[in-house]
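Sequential numbering from 1 applies to the sequence shown in the UniProt record's numbering.
Even for Gly, the Cβ is constructed at its ideal location relative to N, Cα and C.
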Amino acid sequence: MSPSDERKVAVVTGGSSGIGFAIAQKMAAQGMRVIITGRRRDALDRAVTQLGGDAVGIVADVSSTAGLDALFSEIMTGFGSIHTLVANAGGGVHAPLGKITEAAYDQQFDTNVKGIVFTVQGALPLMEPGSSIVIVGSTASIDPGPTMSIYGATKAAVRNLMRSWVSDLKGTGIRINIVSPGPTNTQSLRDAFGENAAEGMAFLKNKSPIGRIGEPEEIAEVAAFLASDAASYVNGVELFADGGASQA
C-alpha cells in the first residue's frame with residue numbers, strides 16, 4: 001500500500017466479526033481501503049479473506065496503549081492517514097450485583113472505556129478536516145437491564161466522553177458521533193446468554209416494539225451514514241439503532 005493512494009481509509013477496531021465486520025463490509029463496498037483490527041490473527045485472516053480486495057488485518061488489543069501505538073505507527077507508514085475511524089472493539093460480562101468480579105470489572109472498563117479513549121486519541125494525528133469518528137456504543141448506556149450494570153456503566157461513560165470531546169475537537173473539522181445498537185443478531189450476544197441463549201433471544205424479540213432484534217448489517221448502515229458526507233451537519237449525537245426497544 002502506498003500512502004499516496006487517494007482512496008479513503010477506514011479503520012474498524014474489533015472488525016473480524018459481528019457488528020464490526022458488517023461495518024467493515026459496508027466501508028469496503030463503498031470503495032474505501034479497510035483496515036480491521038482484532039486480537040486473534042486467525043480470525044482476522046478469515047475476515048480479510050471474506051472482505052476481499054485490499055483489506056488489511058492488524059493484530060491489536062485496544063486495552064493496551066503499547067499495542068495501539070504500534071497499530072497507528074503501522075497505519076502511518078502504510079497508509080498515511082485515516083478518513084474514518086470506527087471504534088467498535090468492546091464486550092460485556094453479565095453478572096448480577098453480588099457476583100461482580102474485579103477481573104470482569106477491569107476487563108470491561110479496560111476495553112470499553114480505556115480502549116476507546118486511547119483508540120480515538122491515537123488516531124487523531126492521522127485525521128484531517130472532513131474526517132469522521134464513529135464510536136459503537138450500546139443502548140445499555142441508558143437501558144442496561146439486569147446483570148449488565150458494569151457494561152452499561154462503560155457505555156454511559158463513553159457517551160459522556162464524547163460530550164466533552166465534541167468541544168475538544170472544535171476547529172479541527174473532525175466529527176464524532178456514537179451509534180448505539182440495541183440487541184443485534186451476533187454470536188457474541190448468543191454467547192452472552194450461555195445455555196439460556198434461546199430463552200434470552202426470545203425475551204429480546206418480545207421486548208422489541210417492531211417484534212425482532214437487529215441484524216449487524218442494519219447497524220453498519222447507520223455507522224456508514226454517520227461517517228459519510230450525508231451526515232456532515234451531524235456531530236456529537238448518540239443515535240440509537242434498536243427498533244425502539246430502549247424506549248419501550
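- Spatial distance of G244 from P209 (CA atoms): 6 Å
- Message: Using the Cβ count rule (16 or more neighbours within 10 Å means buried), how would you classify S155?
- Response: Just to set this straight, residue 155 is Lys in the shown sequence, not Ser. Under this definition K155 is a buried residue.
- On a CA-only basis, which of A227, L44, L161, A103 is nearest I82? Give me that one, please. A227
- Item | Check: K99 C-beta below 7 Å from any heavy atom of the ligand ADP | You won't find the ligand ADP in this model; it holds no ligand whatsoever.
- With a Cβ-Cβ cutoff of 8 Å, do N235 and V179 count as a contact? no
- Item | Reduced DSSP category for residue 284 - H, G, I as helix; E, B as strand; rest coil | Residue 284 lies beyond the residue range present for the chain, which begins at 1 and ends at 248; the question has no answer from this structure.
- Message: Less than 8 Å between the C-beta atoms of A241 and G214, yes or no?
- Response: yes
- Could you give the DSSP three-state label for A60: helix, strand or coil? coil
- Mind checking which residues open and close the alpha helix (DSSP H) that includes E221? 216 to 227
- The alpha helix (DSSP H) spanning I213 covers which residue range? No alpha helix (DSSP H) holds I213; DSSP gives it neither H nor E.
- Task: Give me the Cβ distance between V117 and V86, rounded to the nearest whole Å; I'm assuming they're in contact under 8 Å.
- Result: So it is not a contact: roughly 16 Å between Cβ atoms.
- Give the straight-line distance between the Cα atoms of L161 and I150, rounded to the nearest whole angstrom. 17 Å
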